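Notes follow the structure.
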Amino acid sequence: AQSVTQPDIHITVSEGASLELRCNYSYGATPYLFWYVQSPGQGLQLLLKYFSGDTLVQGIKGFEAEFKRSQSSFNLRKPSVHWSDAAEYFCAVGARIQGAQKLVFGQGTRLTINP
Amino acid sequence: NAGVMQNPRHLVRRRGQEARLRCSPMKGHSHVYWYRQLPEEGLKFMVYLQKENIIDESGMPKERFSAEFPKEGPSILRIQQVVRGDSAAYFCASSPPMGGGRDEQFFGPGTRLTVL
């Protein structure tokens, strides 16, 4: 069965510091991978996605993620965080079902930014 | 183009009552998904629907929960005889047809259900 693990429940970084959020997945085939961000009381916004091709994926808001098949990982990075990046971040793998896919989410990493 | 719309945004029910959650997908989208987010947890898939068809309901509880996506109107997630454990945020997402699974799912703002 598909699964996603985000080992860090809560991370705190200082504004301007670099960020890496970890994500490991389990999926039998070539995975479709996603990172979503959720602000308090809001829905989810897609940051970036990986389907195939270049393993380094650029997303919105200055985020990027690197797919490493050998490590079953899809870590999210940002070189310099801003206070507005404080939110909950979810990694997900797409499990294909009849022409579409259902998303299997990790438990999330809550990011706090120190001024 | 309006995004995915969900209403109500907040819903309070007493134990034993029924809860109806509505989702209007983005214009042109014919695939609808429902996810549930329990407190302090990630989202869990519940059901995937196309117009007038339930495609995959493997994440739906076997009792009290049902979903539909009629030819006209929004998708409805219905919870009968709610219990406190149903308190959660329920998110709807939609995607366009025939994308082969490569399409982004666009999420609505969610309905936060509280059962007293």
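First to last, the protein sequences are chains A and B. The C-terminal residue of the first sequence carries number 165 in the numbering used here, and the numbering is unbroken. The C-terminal residue of the second sequence carries number 117 in the numbering used here, and the numbering is unbroken. Here a beta-carbon is modelled for each residue, glycine too, at the ideal position from N, C-alpha and C. Here the structure is a predicted model, which means the values were calculated and not measured.
Rounded to whole angstroms, residue 111 of chain A and residue 98 of chain A show a C-alpha spacing of 10 Å. Among the CB atoms of chain B, one or more fall inside 7 Å of the CB of residue 147 of chain A.
Residue 56 of chain B belongs to the set of residues whose beta carbon lies under 7 Å from a beta carbon in chain A. In the three-state DSSP reduction, residue 111 of chain A falls in the helix class (H, G or I). Look at the beta carbons and you see the stretch 78 to 86 of chain B not touching the stretch 140 to 158 of chain A: under three pairs across the two are nearer than 8 Å. Contact note: residue 110 of chain B reaches chain A through 92, 93, using a C-beta cutoff of 7 Å and chain order. One alpha carbon belongs to residue 78 of chain A, the other to residue 15 of chain B, and they sit about 43 Å apart. For the stretch 63 to 100 of chain A, the continuous beta strand (DSSP E) assignments of 3+ residues that do not extend past its boundaries occur at 69 to 71, 74 to 76, 82 to 88, 94 to 100, in sequence order. Collapsing the DSSP output to three states places residue 157 of chain A in coil.
By DSSP's assignment, residue 35 of chain B forms a beta bridge with B:48, B:93. In the three-state reduction of the DSSP assignment, residue 58 of chain A falls in the coil class. Counting C-beta atoms within 10 angstroms of its own C-beta, residue 104 of chain A has fewer than 16 neighbours from the protein chains shown and is therefore classed as exposed.
Inter-residue distance for residue 89 of chain A and residue 37 of chain B is about 16 Å (C-alpha atoms, whole angstroms). Boundaries of the beta strand (DSSP E) harbouring residue 7 of chain B: 6 to 8, taken from the DSSP string.
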